[in-house]
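Asker: Numbering (the numbering used here), first residue to last: 1 to 535. Ideal Cβ positions, reconstructed from N, Cα and C, are used throughout, including at glycine.
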Ligand SMILES: [Zn+2]
Ligand SMILES: [Zn+2]
C-alpha cells in the first residue's frame with residue numbers, strides 16, 4: 001500500500017471521527033470476548049481473551065471461500081492463545097494484521113479465529129453478539145474484492161506505460177491505468193454473501209479494499225480514491241443493487257413507523273438475494289439488523305405516542321406482529337419455482353423458509369431512497385389512505401434455538417381468524433408473471449386464476465386437471481389495498497383432521513383478468529369466519 005493511499009485513509013478517518021455525529025468518535029469499547037493481539041509478538045499474533053477490558057479494535061469482513069486454512073477449535077484454542085505463526089495465516093488475514101499495525105490498533109476480530117468453530121454453544125452466544133462487535137469496531141476492513149481468504153486485501157492495479165517518438169522526433173511517454181468501474185458487480189464478490197449485509201450496515205465505518213482502489217463507507221460519507229463515487233449512491237450495477245450505509249442510516253433515523261415497514265421489506269428483498277453457505281443461518285445472519293430494527297420501531301412508537309392494539313411487539317421469524325398483514329405480502333421474485341429447504345428453519349408463512357429472492361407488493365414501483373414516496377405512506381399511516389385488513393391475529397410465537405431472540409428458531413406458529421375459501425389447485429398453462437399454478441373457485445366457475453406459488457407444488461397434475469375431486473387448497477383473505485387490489489394467502493391443510501394449514505403461495509387480483517377482483521369479492525361474500533393455525 002502506497003503512502004499516498006494510507007494518508008487518504010487517515011484523512012477519511014479523521015473527518016469521520018471528528019465531524020460525523022452518527023459515526024462516533026472512535027472511542028474505546030469493551031473488547032469482544034476473544035480478539036487477536038497483533039502486537040504481542042514481533043511477527044506472530046495470538047488469541048487474547050479479553051474479560052471485557054476497553055480498547056480500540058478492528059474487524060475483518062471477508063469471504064471464507066473454499067479455503068479453510070485456519071480456524072480456532074476446542075482442540076487448538078490453547079495453542080492459539082500462546083501464539084499463531086504469521087505464515088500460518090491466509091493472505092487476507094496477514095494483510096489485515098499488517099494494516100492494524102500500520103494504524104497502531106492492537107486488536108483485530110476475525111470470526112473464524114475468535115469464535116470456537118466446533119463449539120455450538122460458543123457459536124450461538126458469539127453470533128448473537130456479532131452486531132455489537134461490528135458496531136463498536138474502530139474500523140471494519142472489508143475484503144470486498146476477494147472471493148476467498150487466499151486472495152489478500154491489497155491489489156496492485158494494472159498500469160500501462162507507452163513510449164514512442166513523435167513525427168518531429170520528440171520522444172514521449174504515457175502512463176495509463178484502467179478507468180475505475182464503480183458499478184460493476186464483479187468488483188464486489190463480498191457483497192453477494194448474506195453475512196456481510198449486517199456486518200456492513202451495522203459497522204460505524206468500513207474500509208473497502210477494491211481491486212482498483214480503496215473506498216470508504218460510513219454512516220455519513222461514501223468516498224473513493226479517484227473521487228468518482230458520490231455520497232448516497234447505491235453500489236453495484238442494476239437498479240436494485242446494494243444500498244449504501246448512508247441511505248440505511250438516514251431512513252432508520254428519520255422514518256415513521258409506517259415507512260419503517262417499507263424499509264424492512266426493502267431489507268428482506270436485498271438480503272434474500274444473497275448467498276448463504278449454511279442454510280440454517282438464514283435468520284441468524286440478519287439477527288443484528290432485526291435487533292436494530294426492533295429498538296428503532298420501539299422508540300418510534302413512543303415518540304409518536306401511538307397506541308397499538310397489541311401491547312407487545314414480537315419478531316416472528318422475520319415478520320413483525322404489529323405489521324403482520326403487510327409483512328405476509330411477500331412472494332417469490334424469480335419465477336422458477338424450487339423446492340423447500342430440506343431441513344426446517346422457518347414456518348411456511350415466513351420468507352425465511354425459502355431459498356432465493358422474494359419481493360413485497362408495497363415496494364413494487366417504489367424506491368425506498370426517494371423521500372417523495374414517503375408522503376402517500378404517511379397519509380396511509382394517518383388514516384386518510386386506508387388498507388382493509390381481513391384477518392385477526394389471535395396468537396403468534398416462535399421458539400428460539402438459543403438466547404438470540406432474532407436468530408435461529410426451532411418452531412413457530414400463528415393462530416388467525418379470517419375468511420377461508422376452499423379452492424381447487426391446478427398446474428395451469430398460464431404464464432402470468434411466469435407462474436404455472438392456478439386455482440379454481442370450487443364448484444362455481446370454470447375460470448382458472450394464476451397465483452404466485454412459493455415453491456414447486458410437485459403433486460399437481462400437468463394438464464390442468466385437479467388431482468383431487470374435492471378442494472385441495474384454500475384462500476385466506478388478507479387485505480384490500482388503497483387501489484382496491486385484493487390479497488389472499490394460498491393454503492393447504494397439513495392434515496385432514498386438524499385446523500392446521502401451511503402457506504403455499506400468494507394471490508393478488510390483477511388487471512389482466514378483468515373481473516378478477518369482483519369475482520373474488522363475490523366468492524368471499526358468504527365465506528364464514530374461521531379460526532386456524534398456520535405452521
Ligand atoms: Zn463517518
Ligand atoms: Zn473511485
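1. Can the beta-carbon of residue 191 be found closer than 7 Å to that of residue 271?
2. Please report the distance separating the alpha-carbon of residue 498 from that of residue 71.
3. Quick one: grab the DSSP three-state call for residue 492.
4. What residue ranges within the segment 36-62 form continuous beta strand (DSSP E) runs of no fewer than 3 residues, ordered along the chain?
5. Tell me the DSSP secondary structure of residue 287 in three-state form.
6. Shorter than 6 Å, the distance from the beta carbon of residue 206 to the closest heavy atom of ligand 2, or not?
7. Can you tell me where the alpha helix (DSSP H) with residue 521 in it begins and where it stops?
8. Considering only the beta carbon of each residue, do residue 74 and residue 111 sit closer than 7 Å?
9. Where does residue 254 land, buried or exposed, given buried means 16+ other C-beta within 10 angstroms?
10. Would you mind working out which of 403, 359 and 409 sits nearest residue 343, comparing C-alpha positions?
11. For residue 479, which three-state DSSP category applies?
12. May I ask which residues mark the beginning and end of the alpha helix (DSSP H) holding residue 16?
13. Does the beta-carbon distance from residue 194 to residue 128 come in below 7 Å?
14. Using a 10 Å radius around the Cβ and a threshold of 16 neighbouring Cβ atoms, would you call residue 102 buried or exposed?
15. May I ask you to list the residues that DSSP assigns as paired with residue 404?
16. Going by DSSP, what residue range makes up the alpha helix (DSSP H) through residue 265?
17. Determine, using beta carbons only, whether residue 482 and residue 517 come nearer to each other than 7 Å.
18. Between residue 28 and residue 313, what straight-line distance do the alpha-carbon atoms span, to the nearest angstrom?
19. Hey, is the segment 260-269 in contact with the segment 346-366, meaning 3+ C-beta pairs nearer than 8 Å?
20. Am I right that residue 490 and residue 478 are in contact with their C-beta atoms under 8 Å? What's the rounded C-beta distance?
21. Could you check the C-alpha separation between residue 10 and residue 151 for me, to the nearest Å?
22. Ligand 2 heavy atoms versus the CB of residue 213: any closer than 6 Å?
Answerer: Per the coordinate set shown:
1. Taking 7 Å as the cut-off, the beta carbon of residue 191 is found no closer than this to the beta carbon of residue 271.
2. When rounded, the distance between both Cα atoms is 48 Å.
3. Residue state, collapsed to three classes: strand.
4. Those beta strand (DSSP E) runs which fall completely within the segment 36-62 and span 3+ residues are 46-49 and 57-61.
5. Reduced to three states, the DSSP call for residue 287 is helix.
6. No.
7. Residue 521: member of the alpha helix (DSSP H) spanning 516-524, first to last residue.
8. It is not a contact, given that the beta carbons lie outside the stated cut-off.
9. Around the CB of residue 254, fewer than 16 other CB atoms lie within 10 Å, so the residue is classed as exposed.
10. Per the Cα distances, 409.
11. Strand, per DSSP.
12. Where residue 16 is concerned, the enclosing alpha helix (DSSP H) starts and stops at 3-19.
13. Residue 128 is positioned such that its CB atom lies no closer than 7 Å to that of residue 194.
14. By the beta-carbon neighbour count (other beta carbons within 10 angstroms, threshold 16), residue 102 is exposed.
15. In the DSSP assignment, residue 404 forms no beta bridge with any residue.
16. Its alpha helix (DSSP H) spans residues 257-271.
17. Contact flag unset, no.
18. One C-alpha to the other measures close to 33 Å.
19. As far as the Cβ criterion goes, the segment 260-269 touches the segment 346-366, which means the pair count is three or higher.
20. The C-beta separation of residue 490 from residue 478 comes to about 11 Å, leaving the pair out of contact by the 8 Å criterion.
21. Residue 10 and residue 151 have their alpha carbons spaced roughly 24 Å apart.
22. The nearest non-hydrogen atom of ligand 2 is less than 6 Å from the C-beta of residue 213.
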